Amino acid sequence: MDKPLRYSLHAETVMRERKLDPAWIEATVRAPEWRLSDPSGPEVERRYRAIEALDGRILRVVCVEASDEVRIISAFIDRGARKPA
1 MDKPLRYSLH AETVMRERKL DPAWIEATVR APEWRLSDPS GPEVERRYRA IEALDGRILR
61 VVCVEASDEV RIISAFIDRG ARKPA
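Residue 77 in the UniProt record's numbering sits at position 77 of the sequence shown; the count goes up by one each step and never skips.
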(Lines of atoms letter the chains of each structure in order from A; the text may use other names.)
(Lines give C-alpha, C1' and ligand atoms only; values in the text may rest on other atoms or scores of the structure.)
Protein backbone atom coordinates (compact mmCIF):
# COMPACT_ATOMS: atom_id res chain seq x y z
CA MET A 1 0.00 0.00 0.00
CA ASP A 2 1.26 3.45 -0.92
CA LYS A 3 1.99 5.85 1.89
CA PRO A 4 -0.24 8.92 2.03
CA LEU A 5 1.17 12.18 0.71
CA ARG A 6 1.14 15.20 3.04
CA TYR A 7 1.74 18.64 1.58
CA SER A 8 3.43 21.49 3.41
CA LEU A 9 1.79 24.90 3.16
CA HIS A 10 4.69 25.96 0.93
CA ALA A 11 4.11 22.99 -1.40
CA GLU A 12 0.39 23.73 -1.66
CA THR A 13 1.12 27.39 -2.42
CA VAL A 14 3.71 26.75 -5.12
CA MET A 15 1.61 24.03 -6.75
CA ARG A 16 -1.25 26.50 -7.08
CA GLU A 17 0.97 29.39 -8.24
CA ARG A 18 2.89 27.25 -10.75
CA LYS A 19 -0.21 25.36 -11.91
CA LEU A 20 1.32 21.98 -11.08
CA ASP A 21 -1.16 19.11 -11.33
CA PRO A 22 -1.28 17.04 -8.12
CA ALA A 23 -1.20 13.91 -10.32
CA TRP A 24 2.24 14.98 -11.61
CA ILE A 25 3.47 15.40 -8.04
CA GLU A 26 2.16 11.98 -7.04
CA ALA A 27 3.67 10.27 -10.10
CA THR A 28 7.02 11.91 -9.42
CA VAL A 29 7.01 10.87 -5.76
CA ARG A 30 5.83 7.31 -6.35
CA ALA A 31 7.73 6.54 -9.59
CA PRO A 32 10.61 8.99 -10.05
CA GLU A 33 12.93 8.61 -13.02
CA TRP A 34 15.79 9.40 -10.65
CA ARG A 35 16.48 10.57 -7.10
CA LEU A 36 19.16 12.68 -5.45
CA SER A 37 19.88 13.63 -1.85
CA ASP A 38 19.09 17.22 -0.96
CA PRO A 39 21.95 19.24 0.54
CA SER A 40 19.66 20.45 3.35
CA GLY A 41 19.83 17.10 5.13
CA PRO A 42 20.14 13.34 4.68
CA GLU A 43 16.42 12.71 5.18
CA VAL A 44 15.42 15.16 2.42
CA GLU A 45 15.28 13.79 -1.12
CA ARG A 46 14.81 15.29 -4.56
CA ARG A 47 12.73 13.17 -6.95
CA TYR A 48 12.61 13.90 -10.67
CA ARG A 49 10.33 12.95 -13.54
CA ALA A 50 9.73 14.20 -17.09
CA ILE A 51 6.15 15.40 -17.52
CA GLU A 52 4.77 14.70 -20.99
CA ALA A 53 1.98 17.28 -20.60
CA LEU A 54 4.73 19.89 -20.17
CA ASP A 55 6.64 18.85 -23.31
CA GLY A 56 8.94 16.58 -21.31
CA ARG A 57 10.16 19.24 -18.91
CA ILE A 58 11.49 17.89 -15.62
CA LEU A 59 9.50 18.20 -12.40
CA ARG A 60 11.50 18.21 -9.17
CA VAL A 61 9.66 17.26 -5.99
CA VAL A 62 11.46 17.77 -2.67
CA CYS A 63 10.16 15.40 -0.01
CA VAL A 64 10.83 13.52 3.18
CA GLU A 65 9.71 9.91 3.41
CA ALA A 66 8.77 8.68 6.88
CA SER A 67 7.55 5.26 7.91
CA ASP A 68 3.90 6.34 7.67
CA GLU A 69 3.81 9.13 5.04
CA VAL A 70 5.67 11.13 2.41
CA ARG A 71 5.83 14.83 3.23
CA ILE A 72 6.03 17.07 0.17
CA ILE A 73 8.13 20.16 0.88
CA SER A 74 8.27 21.82 -2.54
CA ALA A 75 7.84 21.21 -6.27
CA PHE A 76 8.89 23.04 -9.40
CA ILE A 77 9.96 22.65 -13.01
CA ASP A 78 13.74 22.28 -12.87
CA ARG A 79 15.12 23.72 -16.09
CA GLY A 80 18.69 22.68 -15.22
CA ALA A 81 17.92 19.08 -14.26
CA ARG A 82 19.74 16.38 -16.20
CA LYS A 83 19.32 12.68 -15.57
CA PRO A 84 22.55 11.21 -14.19
CA ALA A 85 24.38 8.91 -16.59
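Quick reminder that beta carbons are idealized off the backbone N, C-alpha and C, glycines included. Remember, it's a predicted structure, so these values are computed and weren't measured experimentally.
Asked                                                                           : Found
For residue 77 and residue 60, the rounded distance between their alpha carbons : 6 Å
Residue 75 vs residue 6 beta-carbon contact at 9 Å                              : no
Residue 34 - partner residues in DSSP beta bridges                              : 48
Candidates 39, 13 and 2: closest to residue 26 by CA position                   : 2
Cβ-based burial, residue 30 [other Cβ within 10 Å; buried from 16]              : exposed
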